[in-house]
Amino acid sequence: MQLATPVLDIFSVFGRFAMFTGQVIIRIFSRPIFTQATLNHLAITCQRCVGPVIAVNLPFGSVLSLQGLQIFEMFGAQRLLSSLVSVAILREIAPVMASVIVAAQGGSSCAAELGAMRIKEELDATEIMAVDSLRLHVVPRVVALTIACPLLYIVGALAALIGSYLTAIFVEGEASGVFLYNLWTLTEHRDLWAGILKTSVFGGVIGLIASYQGFRATGGAAGVGRAVNETVVYSVLVFITLNYFLTSALYGAP
Amino acid sequence: MMAKSDNTVTRSVQTFGDYAYFIADLFTATLRHGVSWRSVIEEAHKIGIRSLPILLIINLFVGSNLTILGFHAFTPLGGQRLVGLFVALAGVRELAPIIAASMVAAKAGTQMASQIAVMRIQEQIDALEVMAVNPHAHLIAPRMLGILLVMPALTLIAIFATVFSGYVVSVYQLGLNGTVYLEFAADGITAMDFVYCVVKAWVFGIIICTLSCWFGFNCKSGPEGVGLATNRAVVSSAVVCVVVNYFISEVLYGSL
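As given, the protein sequences belong to chains X and G, one line each in that order.
Taking our numbering, the leading residue of the first sequence gets 138, the next gets one more, and so forth.
Taking our numbering, the leading residue of the second sequence gets 901, the next gets one more, and so forth.
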């Protein structure tokens, strides 16, 4: 490329990523589909992420009810705690925290695996054997992350609710019956569906960015480290930005 | 280092012991060998500048989402004025420090882990030891002091980004009164909240730096080793930061 100015660089990165995305999406919806590989990746991703997702969401739910009680004690309205905590968890906290962990654990290990395959020329070897490496290695990972992210969101939301319940009842000494009675007063069915929709979009974005970075890794072991780093940073950046627009579209109208 | 045992319990105790030994060795080596202040400033500059853009963008969007969430949560109760208070309390006390820490872990922590892992597999760390340079004092101590210098500043910037984007969204998207928002936000925050945030920032900085460098130091050979070390560094620092955050909040704000 002759005109390698920073602006052109940015556009060419967007263009390459868009072409990569298009190629992956075409392969997702056409035969042959490697169902077994997809299921294997789904199982591995869920297995790797479920521990960290619970470990992050449980304390987050606890902190939510800890700080929520501080606010409601000002107005003497502690009974409202559980209804607001459940809304916050289902709409924002659980989708974002579950996706952060999926990006940090699932996305980065996907980038590391693909990057190591690229460096060790395994991807070139599959291409030489006339096997489509995008179809064999990338599509199962992207599909697995797209399915795993909503599943982990539900697990994370449950963990966060349990964490907030435990803190409110056993640490702060609120009444258990009041907490459970008010739990679902402000939530709607669409909160859960919106969370599932959002997290599956985030999962797809994470999978695409991770496999793009891994696929294009260059420069030995340091290149793999760089790919992993950029995967985590860019996927968090993109899905937090998307989260704002999705939230605005779903709930934003005043 | 001892050979790893097969038993899971023994192995995790051994890992924890290795980590504790690593931290102890880091402190004694730093005290004995000293640190070059020039490299501390360099590392602080690198960590701060690298993490600043992503930290700003993420916290802007976290603040705006928090505002939309607060608006919808308080509307059935007729308390739309409380949005400012909600954003200030939730953003300043909890979300801004923890989101800032996650972003520093994702950006600077992964970079530390992969740099040190590459040095390990290219045997540069062994070369340092051969030349009688202590790798802990030479490689990790500047990063540690650098992250301790910049973390409080990054956390304060994150707080202002959160409250600012909450203001913009509540005035221009949701049509609330800006003065009321700012009054309630100012009511929610006390000066002690900023002190607590700095304390949290230092604790998170120590966690991120030691975990990332430790995973980098214990990297297995080959490109997969570097990828795995980087991956583990970011996941474990995020998890440990969130768990520790709960206990700090419980001590500082809770009624225990």
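Built from N, CA and C at the ideal position, the CB exists for glycine as well.
Residues of chain X with a CB under 7 Å from the CB of G/Glu994: which are they?
What you label residue 994 of chain G is simply residue 94 of the second sequence in a count that begins at 1. Those are Val200 and Gln204, listed as they occur along chain X.
Based on Cα-Cα distance, which residue from X/Ser246, X/Tyr318, X/Val268 and X/Ser270 lies nearest to G/Val1135?
The residue labelled residue 1135 of chain G in the question sits at position 235 within the second sequence. That would be X/Ser246, whose Cα lies nearest to the Cα of G/Val1135.
Can a CB atom of chain G be found closer than 8 Å to the CB of X/Ser246?
The sequence position of residue 246 of chain X within the first sequence is 109, counting from 1. Cβ-Cβ to chain G under 8 Å: yes for X/Ser246.
Beta-carbon proximity check, G/His933 vs G/Ala1037, cutoff 8 Å
Position 33 of the second sequence, counting from 1, holds the residue named residue 933 of chain G. Position 137 of the second sequence, counting from 1, holds the residue named residue 1037 of chain G. In this structure, G/Ala1037 lies closer than 8 Å to G/His933 by Cβ.
Can you pull the chain X neighbours of G/Glu1124, defined as C-beta to C-beta under 7 Å?
As a first step, residue 1124 of chain G is located in the second sequence; it is residue number 224 there, counting from the start. Within chain X, the residues near G/Glu1124 are Ala249 and Ala253.
Counting Cβ pairs closer than 8 Å, one from the stretch 981-996 of chain G and one from the stretch 908-926 of chain G, do we hit at least three?
Result no; under three Cβ-Cβ pairs closer than 8 Å.
Using CA atoms only, rank isn't needed, just tell me which of X/Thr322, X/Phe382 and X/Val275 is closest to X/Gly341.
Counted from its first residue, the first sequence places residue 341 of chain X at position 204. With respect to the C-alpha of X/Gly341, the residue from X/Thr322, X/Phe382 and X/Val275 having the closest C-alpha is X/Val275.
Helix, strand or coil for X/Arg168 per DSSP?
By 1-based counting over the first sequence, the position of residue 168 of chain X is 31. Coil at X/Arg168, not helix or strand.
Is there a Cβ of chain G sitting closer than 8 Å to that of X/Ser385, yes or no?
The count along the first sequence starts at 1 and reaches residue 385 of chain X at position 248. The beta carbon of X/Ser385 falls within 8 Å of a beta carbon belonging to chain G, placing the residue at that interface.
Could you give the first and the last residue of the continuous alpha helix (DSSP H) run that contains G/Ser951?
Mapped onto the second sequence, residue 951 of chain G falls at position 51. That run of the alpha helix (DSSP H) goes Trp937 to Phe974.
Short of 8 Å Cβ to Cβ, which residues in the stretch 912-931 of chain G face chain X?
So nothing in the stretch comes that close.
Drop a sphere of 10 angstroms on the beta-carbon of X/Glu258, count the other beta-carbons inside from all chains shown, and report buried for 16 or more, exposed for fewer.
The count along the first sequence starts at 1 and reaches residue 258 of chain X at position 121. X/Glu258 is exposed by the Cβ-count criterion.
Residue nearest to X/Glu260 in terms of C-alpha spacing, selected from X/Ile377, X/Thr355 and X/Ala155
Residue 260 of chain X sits at position 123 when you count from the first residue of the first sequence. The residue you asked about is not Glu; residue 260 of chain X is Leu in the sequence shown. For X/Leu260, the nearest C-alpha among the options comes from X/Thr355.
Taking the Cβ atom as the reference point for each residue, do X/Asn194 and X/Ala297 lie within a distance shorter than 8 Å?
By one-based count along the first sequence, residue 194 of chain X stands at place 57. By one-based count along the first sequence, residue 297 of chain X stands at place 160. Yes, the Cβ-Cβ distance between X/Asn194 and X/Ala297 is below 8 Å.
Proximal residues of chain G, C-beta to C-beta of X/Pro143 below 8 Å
As a working mapping, residue 143 of chain X is identified with position 6 in the first sequence. Around X/Pro143, no beta-carbon contact reaches into chain G at under 8 Å, the shortest distance being about 14 Å.
Do you know how far the Cα of G/Met1019 is from the Cα of G/Arg938?
Stepping through the second sequence from its first residue, residue 938 of chain G is reached at position 38. Stepping through the second sequence from its first residue, residue 1019 of chain G is reached at position 119. So the alpha carbons of these two residues sit roughly 21 Å apart.
Closest to X/Leu218 by CA distance: which of X/Glu311, X/Ala358, X/Thr175 and X/Phe166 is it?
Numbered from 1 along the first sequence, position 81 holds the residue referred to as residue 218 of chain X. X/Leu218 has its Cα closest to that of X/Glu311, out of X/Glu311, X/Ala358, X/Thr175 and X/Phe166.
What's the C-alpha gap between X/Ala294 and X/Met266?
Here residue 294 of chain X refers to the residue found at position 157 of the first sequence. Here residue 266 of chain X refers to the residue found at position 129 of the first sequence. The alpha-carbon atoms of X/Ala294 and X/Met266 are separated by roughly 45 Å.
Proximal residues of chain X, C-beta to C-beta of G/Ser1014 below 9 Å:
Taking the first residue of the second sequence as position 1, residue 1014 of chain G is located at position 114. For G/Ser1014, the residues of chain X that pass the 9 Å Cβ criterion are Ala358, Ala359, Val361, Gly362, Arg363, Val365 and Asn366, in the order they occur in the chain.
How should G/Tyr1146 be labelled, buried or exposed, when 16 other C-beta atoms within 10 angstroms of its C-beta is the threshold for buried?
Here residue 1146 of chain G refers to the residue found at position 246 when the second sequence is read from its first residue. With 16 or more Cβ atoms within 10 Å of its Cβ, G/Tyr1146 is classed as buried.
State the start and end residues of the unbroken alpha helix (DSSP H) segment that holds G/Gln1011.
If you number the second sequence from 1, residue 1011 of chain G lands on position 111. Where G/Gln1011 is concerned, the enclosing alpha helix (DSSP H) starts and stops at Thr1010 to Ile1021.
In terms of residues, what are the limits of the alpha helix (DSSP H) holding X/Leu271?
The residue you call residue 271 of chain X lines up with position 134 of the first sequence. Counting along the chain, X/Leu271 falls outside any alpha helix (DSSP H), and DSSP gives it neither H nor E.
Among G/Ile941, G/Thr975, G/Ile954 and G/Leu956, whose alpha-carbon lies nearest the alpha-carbon of X/Tyr388?
Counting from 1 along the first sequence, the entry for residue 388 of chain X is found at position 251. Nearest option by C-alpha distance: G/Thr975.
For the alpha helix (DSSP H) containing X/Lys335, name the first residue and the last one.
Translated into the one-based positions of the first sequence, residue 335 of chain X becomes position 198. Per DSSP, X/Lys335 belongs to the alpha helix (DSSP H) from His326 to Phe352.
Could you work out which residue in G/Val1143, G/Thr1010, G/Val1080 and G/Pro1123 is closest to X/Val369 when comparing CA atoms only?
Within the first sequence, the letter at position 232 stands for residue 369 of chain X. For the residues G/Val1143, G/Thr1010, G/Val1080 and G/Pro1123, the minimum Cα distance to X/Val369 belongs to G/Thr1010.
Inter-residue Cα distance where the pair is X/His326 and X/Leu227:
The sequence position of residue 326 of chain X within the first sequence is 189, counting from 1. The sequence position of residue 227 of chain X within the first sequence is 90, counting from 1. The straight-line gap from Cα to Cα measures roughly 10 Å.
Give, in chain order, every residue of the stretch 1048-1062 of chain G whose Cβ lies closer than 7 Å to some Cβ of chain X.
Cβ contacts with chain X come from no residue of the stretch 1048-1062 of chain G.
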